[in-house]
Amino acid sequence: MTNTNIVLLAGSNRKDASSTKLLRYMKERLKARGVEATLFDVYESPLPIFSPDDAEAHPNARRLIAAVQGADGLVFGTPEYHGSVSGALKNALDYLGASEIGGKPVLSVSSSGGAVGVSSLTHLQGIVRGLHGINSPEWVSIGGRQWFNADGSPADEGMRTRVERALDQLVALTTALKGVTAR
């Protein structure tokens, strides 16, 4: 699976966020498939509030734009706040446009304090459509107090299986679309 590059965008502004832990695990699972995977974590690389007047002035913004622009596929991860995506993720996505995301497959991932983060996933998929991305047919949501093993994997075997299935779909979609869609 060489020459496939997937960027994972962790949109939590919280240290040790479960959504970021899940994306770190997904990054390792993608690498195990031979996929080049890069994590951009807005907690570790914060972005100023987006302004169209100076959208590329900040070095972290330039790194984000370049990473997404060079990606073949994407994973967007967010906690669910008040029934939607985090402000940190939305702010990061405001730096990006159809020229960076258009025609690329995107897997949406959410973590919520309740049972599942369906509202944030629905909103995130709407944002992906607005950026002319292609939503992966799968999505992943972890709810409640999802625990992780010492190796960073989800403690729940069913969640690990769900992640593998979602990544299989994303890699297959990315491979099928790579070179087909205009960038």
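Per UniProt numbering, the sequence shown runs over residues 1 to 183.
Beta carbons are placed, not taken as given, at the ideal position from N, Cα and C, and that holds for glycine.
Check, Outcome
"Between T78 and S18, which are expected to be in contact by the criterion C-beta below 8 angstroms, what is the C-beta distance as a whole number of angstroms?", "About 11 angstroms separates the two Cβ atoms, so there is no contact after all."
"Per DSSP, L9 is paired with what?", "F40 and F76"
"Have a look at E164 and E157 and give me their C-alpha separation to the nearest angstrom.", "11 angstroms"
"Looking only at DSSP bridge pairs, what is S141 linked to?", "S110"
"For D94 and R14, I'd like the C-alpha separation in whole angstroms.", "19 angstroms"
"So L170 and S136 are supposed to be a Cβ contact under 8 angstroms. How far apart are they, rounded?", "5 angstroms"
"Alpha carbon to alpha carbon, how far is I127 from N91? Give it in angstroms, no decimals.", "12 angstroms"
"Within a Cβ cutoff of 6 angstroms, which residues of the same chain sit near H123, ignoring the five residues on either side of it in sequence?", "S84 and V85"
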